[in-house]
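Below is one structure, written out as structure tokens, with a few remarks after it.
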Amino acid sequence: MQWEVVIGLEIHVQLATKTKIFSASSTAYGAEANTQADVVDLGMPGVLPVFNEEALRMAVKFGLAIDADIHKVSVFDRKNYFYPDSPKGYQTTQLYYPTVGMGHIEIELDDGSTKRINVTRAHLEEDAGKSVHEGFGGSSGIDLNRAGTPLIEIVSEPELRSAKEAAAYFRKMHSIVTYLGICDGDLSQGSMRCDCNVSLRPKGQKEFGTRAEIKNVNSFRNVERAIDAEIERQMDILEDGGKIVQETRLYDADKNETRSMRSKEAENDYRYFPCPDLLPVVIDDAYIETVRQTLPELPDAKRQRYISEHGLSAVDAGVLSANRELAAYFETVAESINDYKLAANWVQGDVSAALNRLELSIEQLTVSAEQLGYILKLIKDSTLNNGGAKEVFNALLDGKGDGSVDCIDGLIDQLGLKQVSDTGAIETIVDEVLANNAKLVESYLATPEDKRAKAIGPFIGQVRKAAKGVNPQVVMEVLQKKLSEL
Amino acid sequence: MSKITIAEISNNLATGKCSSVEITQELLQRIKQQDEKINSFITVTEEQALAQAKAADELRSKGQANALTGVPIAHKDNYCTDGTLTTCGSKMLSNFVAPYNATVVDKFNQAGAVSLGKLNMDEFAMGSSSESSFYGAVSNPWDTERVAGGSSGGSAAAVAASFIAGATASDTGGSIRQPAAFCGLTGIKPTYGRVSRWGIVAYASSLDQAGVITHTAEDAALMLNVMSGFDEKDSTSMQLEVPDFSASLNNNIEGLTIGIPKEYFSQHLSAEMQQAVAEAIKEYEKLGAKIKEISLPHSQLAIPSYYLISAAECSANMSRMDGVRFGYRCEDPVDLHDLYVRSRSEGLGDEVKRRIMIGAYALSAGFYDAYYKKAQQARRLIKNDFVSAFNEVDIIAGPVTPTTAFKQNEKTQDPVAMALGDVFTVALNLAGLPGMSINCGQINNLPVGLQLIGNYFDEARLLNVAHQFQQATDWHLKSPAGL
Numbered sequence: 000m001q002w003e004v005v006i007g008l009e010i011h012v013q014l015a016t017k018t019k020i021f022s023a024s025s026t027a028y029g030a031e032a033n034t035q036a037d038v039v040d041l042g043m044p045g046v047l048p049v050f051n052e053e054a055l056r057m058a059v060k061f062g063l064a065i066d067a068d069i070h071k072v073s074v075f076d077r078k079n080y081f082y083p084d085s086p087k088g089y090q091t092t093q094l095y096y097p098t099v100g101m102g103h104i105e106i107e108l109d110d111g112s113t114k115r116i117n118v119t120r121a122h123l124e125e126d127a128g129k130s131v132h133e134g135f136g137g138s139s140g141i142d143l144n145r146a147g148t149p150l151i152e153i154v155s156e157p158e159l160r161s162a163k164e165a166a167a168y169f170r171k172m173h174s175i176v177t178y179l180g181i182c183d184g185d186l187s188q189g190s191m192r193c194d195c196n197v198s199l200r201p202k203g204q205k206e207f208g209t210r211a212e213i214k215n216v217n218s219f220r221n222v223e224r225a226i227d228a229e230i231e232r233q234m235d236i237l238e239d240g241g242k243i244v245q246e247t248r249l250y251d252a253d254k255n256e257t258r259s260m261r262s263k264e265a266e267n268d269y270r271y272f273p274c275p276d277l278l279p280v281v282i283d284d285a286y287i288e289t290v291r292q293t294l295p296e297l298p299d300a301k302r303q304r305y306i307s308e309h310g311l312s313a314v315d316a317g318v319l320s321a322n323r324e325l326a327a328y329f330e331t332v333a334e335s336i337n338d339y340k341l342a343a344n345w346v347q348g349d350v351s352a353a354l355n356r357l358e359l360s361i362e363q364l365t366v367s368a369e370q371l372g373y374i375l376k377l378i379k380d381s382t383l384n385n386g387g388a389k390e391v392f393n394a395l396l397d398g399k400g401d402g403s404v405d406c407i408d409g410l411i412d413q414l415g416l417k418q419v420s421d422t423g424a425i426e427t428i429v430d431e432v433l434a435n436n437a438k439l440v441e442s443y444l445a446t447p448e449d450k451r452a453k454a455i456g457p458f459i460g461q462v463r464k465a466a467k468g469v470n471p472q473v474v475m476e477v478l479q480k481k482l483s484e485l
Numbered sequence: 000m001s002k003i004t005i006a007e008i009s010n011n012l013a014t015g016k017c018s019s020v021e022i023t024q025e026l027l028q029r030i031k032q033q034d035e036k037i038n039s040f041i042t043v044t045e046e047q048a049l050a051q052a053k054a055a056d057e058l059r060s061k062g063q064a065n066a067l068t069g070v071p072i073a074h075k076d077n078y079c080t081d082g083t084l085t086t087c088g089s090k091m092l093s094n095f096v097a098p099y100n101a102t103v104v105d106k107f108n109q110a111g112a113v114s115l116g117k118l119n120m121d122e123f124a125m126g127s128s129s130e131s132s133f134y135g136a137v138s139n140p141w142d143t144e145r146v147a148g149g150s151s152g153g154s155a156a157a158v159a160a161s162f163i164a165g166a167t168a169s170d171t172g173g174s175i176r177q178p179a180a181f182c183g184l185t186g187i188k189p190t191y192g193r194v195s196r197w198g199i200v201a202y203a204s205s206l207d208q209a210g211v212i213t214h215t216a217e218d219a220a221l222m223l224n225v226m227s228g229f230d231e232k233d234s235t236s237m238q239l240e241v242p243d244f245s246a247s248l249n250n251n252i253e254g255l256t257i258g259i260p261k262e263y264f265s266q267h268l269s270a271e272m273q274q275a276v277a278e279a280i281k282e283y284e285k286l287g288a289k290i291k292e293i294s295l296p297h298s299q300l301a302i303p304s305y306y307l308i309s310a311a312e313c314s315a316n317m318s319r320m321d322g323v324r325f326g327y328r329c330e331d332p333v334d335l336h337d338l339y340v341r342s343r344s345e346g347l348g349d350e351v352k353r354r355i356m357i358g359a360y361a362l363s364a365g366f367y368d369a370y371y372k373k374a375q376q377a378r379r380l381i382k383n384d385f386v387s388a389f390n391e392v393d394i395i396a397g398p399v400t401p402t403t404a405f406k407q408n409e410k411t412q413d414p415v416a417m418a419l420g421d422v423f424t425v426a427l428n429l430a431g432l433p434g435m436s437i438n439c440g441q442i443n444n445l446p447v448g449l450q451l452i453g454n455y456f457d458e459a460r461l462l463n464v465a466h467q468f469q470q471a472t473d474w475h476l477k478s479p480a481g482l
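Going down the list, the protein sequences come from chains X and F. Position 247 of the first sequence, counted from 1, bears residue number 246 in numbering that gives the first Met the number 0, the numbering being contiguous throughout. Position 235 of the second sequence, counted from 1, bears residue number 234 in numbering that gives the first Met the number 0, the numbering being contiguous throughout.
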């Protein structure tokens, strides 16, 4: 049978607020256990939550970025369940009236086309703490530093049709929230976590099949792998005439398989009801407009602009716009030389290669955008040739210079890379090369007229060996002239 | 020592008739001798009280005293107090020492009031008789075989026994007004949002409100002046200016319209109670008030709505009492589930468990619409009744309770009968309105309460109306015999 894959994602995004969603504790990652949990985060008797409006601003900003309905009234609910990392015995979330309603994003598919994925909603809620099961002699420890960190949970419509699409969607969301500056995007620290709802149905069938939910997948690669593994599992069962059980599953990356965590029957009845300690959150158009003013240019718009205004290829534009910092670097370079294509070639080429080789992010690169812009400017005004530019770039990568733009001129002098374009000087070098390479001259002269263009190559090599920074164009002209005079 | 009021003590302190240390010592002595039969205190903080009294006397000698400086009070044991036990009358919190003060406690400390300790109550404020406390039942000073009312029974009994001049209390469905009525005192539950709930252990968050129990409206005004106001730590507290409640006590109430809801004079109310309340209303007529019969047509929905909404909120509020981070933990739990189940089973009492179960049931999938949602709809109707009524009248008056204080153990085996005793008080909490109880008579030597209900944030008028009654009558001056 032909099966159609149906996937919906729920992405938890930790908001980059300084303090927690309902308390004044810091949200910084990595502190000693329980040092960033105050009496509110600890769920002590008698304490009360106070909503951090910064979290609201970020949620609204996200909603605007995905062109969503922003709800003027949103309400916090209590989701009741017992677990030690949930100190109050309930999670404060938004079930009935989320801040962000229906919106949508575009994902890019492998064939270069785009697909619109609708977002059902995004609601504000608090993160839980962490249970620590090792190092307590059979008991468990609880670290509540993370408890109360603001989250938005972004729920997609079940419109993703492959693991690849799901990964592209996750990447796009990552790109959007980091562009907006509402999340640090650090997947390794759990800043974005993904629950994947996966089901299969016979192609052409309208009703959804029974789904399984894979909890807490936290890398782009694992989203794709986990879903593919789950699709395979479900297909095997269905092909054998079996039935899928609705359940929550965990992905084991080492074994590349999902395994059952709990079945639907074992799931809690969360007994949601409006949290009486918090007032409904009410906003007006003026507030929404104020937030709208803070929206940066988003990846899709950037990508479009790179293509239509600056003539970049769809692939280059896609890669250069996907990451906010990379795009900012690229644009600084491109603007400084007013040449997006040259800047794109370098950022996509030498810069990306260096980042990959050294495993750096663009912010960690020792060559600043201003420096690269200056190097490219020197190519354009013929002070440097391409090879010289690469050498300067590599020297900066190695930590040469003081990080300033001004140090580059000195570096070029030091390395003797300054391009010689003076015809007189080049004529002297060419004369020397011709005099010292009689055999080459002989064979050149023996070459038929129509093949001489190719035969000129070895002379260029010899000239550049004799003097590094020569302008290749001038060398070519002088060589052609001198050779024709022979 | 006979009946002591805050105003008198404040006056005595101001004129140098006595010092705060002297009064505090005397009262501590009195508690030692007599609280055994009343059981109004869970914790007496003798050392701290004396230190506070000494500090208060110093402030006074420097001319920095206000009305509450040096005045002995005590806090209901659901008000968190930094460094001393806050038990909520429960085994669950029998070892709980909060590292913070309730905002109200902070405010009284700053005003220089002297706290003698923590007052007994129904477990987690769930009850109407102060019999469900882990620390034993509170006895009514008017008749120690009878209940003091609840849940703020310790607050009422301690004031009635003149152990303290005034007490903080909390009211979710009548827990200030009913014990005040049973003990012949003045109790006020302010408008929801008038006083910060920060640091007061929650029972039902949308209904809980802090207030006081005192001998007189004048005293209640002095205490409310200290404790009212917006608190940035409580999102449900109201950002609204607080008037000087003492300033309007003597306003003339001539021409004021008092509404009498006919639904409050139903079969629930005994003939004697009707009589006593009617007398009080006549007194108001004498004072120049206009009396008008009104209707609160949805009154019969109040009890069921209250017991669903309060139980629902209670079920979630009680979840943090899980034996994990503070409070009682069962011995040798074998696993997490066992730790939860036994800590809660052993740490919580029957009435609390009953409400948790009712609340969890009312919120569960498939029942939410029929119970919780329906109750919220009824709540809206009840509120609208009051809003309409206040278009016609300035104050609403009626009984506080269907009967005077009942015997201990009389209703403990019949929770429904206990619940029906709240029939006249719970509607206010559902509506969020301010209400008072003042002593307006006696039946068989037991006090009868008159309930006064005010419009939103109109506590000043409420206190004024109560004070005028107390200027004209002497019910509030009566003391229980033998104490």
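Each residue gets a CB set at the ideal place from its N, CA and C atoms; glycine is no exception.
Chain X within 9 Å of residue i, Cβ atoms only
i: Leu462 (chain F); result: no
i: Gly198 (chain F); result: yes
i: Met0 (chain F); result: Confidence in Met0 (chain F) is poor, its pLDDT being 46 and thus under 50, which makes the residue's placement unreliable; the coordinate value appears in the next sentence. It does not; no Cβ of chain X falls within 9 Å.
i: Asp384 (chain F); result: no
Span of the beta strand (DSSP E), counted from its first residue to its last, around residue i
i: Met191 (chain X); result: 191 to 201
i: Pro484 (chain F); result: Absent from the structure is residue 484 (chain F), since the part of chain F shown begins at 0 and ends at 482.
i: Gly140 (chain X); result: 140 to 142
Local Cβ density within 10 Å of residue i, reported as buried at 16 or more and exposed below that
i: Gln370 (chain X); result: buried
i: Tyr255 (chain X); result: One detail in the question is off: residue 255 (chain X) reads as Asn in this sequence, not Tyr. Asn255 (chain X) should be labelled exposed.
i: Asn251 (chain F); result: exposed
i: Ser174 (chain F); result: buried
i: Lys480 (chain X); result: exposed
i: Thr44 (chain F); result: buried
i: Thr235 (chain F); result: buried
i: Lys483 (chain F); result: The structure shown does not extend to residue 483 (chain F), since chain F is modelled only from 0 through 482, so no value can be given for it.
i: Ser307 (chain X); result: exposed
i: Met0 (chain F); result: With a pLDDT of only 46 at Met0 (chain F), under the threshold of 50, the placement of this residue in the model should not be trusted, and no figure is reported.
i: Tyr191 (chain F); result: buried
Of the listed residues the options, nearest to residue i (C-alpha basis)
i: Pro242 (chain F); options: F:Ala220, F:Gly186, F:Leu268; result: F:Ala220
i: Cys182 (chain F); options: F:Asn463, F:Leu419, F:Thr400, F:Phe456; result: F:Thr400
i: Lys78 (chain X); options: F:Ala364, F:Lys477, F:Tyr455, F:Glu409; result: F:Ala364
i: Val344 (chain F); options: F:Tyr78, F:Lys90, F:Val104, F:Gly152; result: The sequence shown places Ser at residue 344 (chain F), not Val. Closest by alpha carbon: F:Lys90.
i: Val12 (chain X); options: X:Ser25, X:Ala127, X:Thr293; result: X:Ala127
i: Ala67 (chain X); options: X:Thr289, X:Thr247, X:Ile153; result: X:Ile153
Test: residue i CB closer than 9 Å to a CB of chain F
i: Ser139 (chain X); result: yes
i: Asp126 (chain X); result: no
i: Gly45 (chain X); result: yes
i: Asp194 (chain X); result: no
i: Phe272 (chain X); result: yes
i: Thr16 (chain X); result: no
i: Leu278 (chain X); result: yes
i: Leu41 (chain X); result: yes
i: Tyr168 (chain X); result: no
Interface flag, residue i vs chain A, CB-CB below 9 Å
i: Asp56 (chain F); result: Here chain A cannot be found, since the structure's protein chains are X and F.
heavy atom of the ligand ZN below 8 Å from residue i C-beta
i: Thr102 (chain F); result: Ligands displayed in this structure: none; no statement on the ligand ZN is therefore possible.
Integer Cβ distance of residue i from residue j, believed to fall under 8 Å
i: Ala166 (chain F); j: Pro140 (chain F); result: At roughly 13 Å, the Cβ-Cβ gap does not stay under 8 Å, so Ala166 (chain F) and Pro140 (chain F) are not in contact.
i: Ser114 (chain F); j: Ala66 (chain F); result: Not confirmed; about 16 Å, so no contact.
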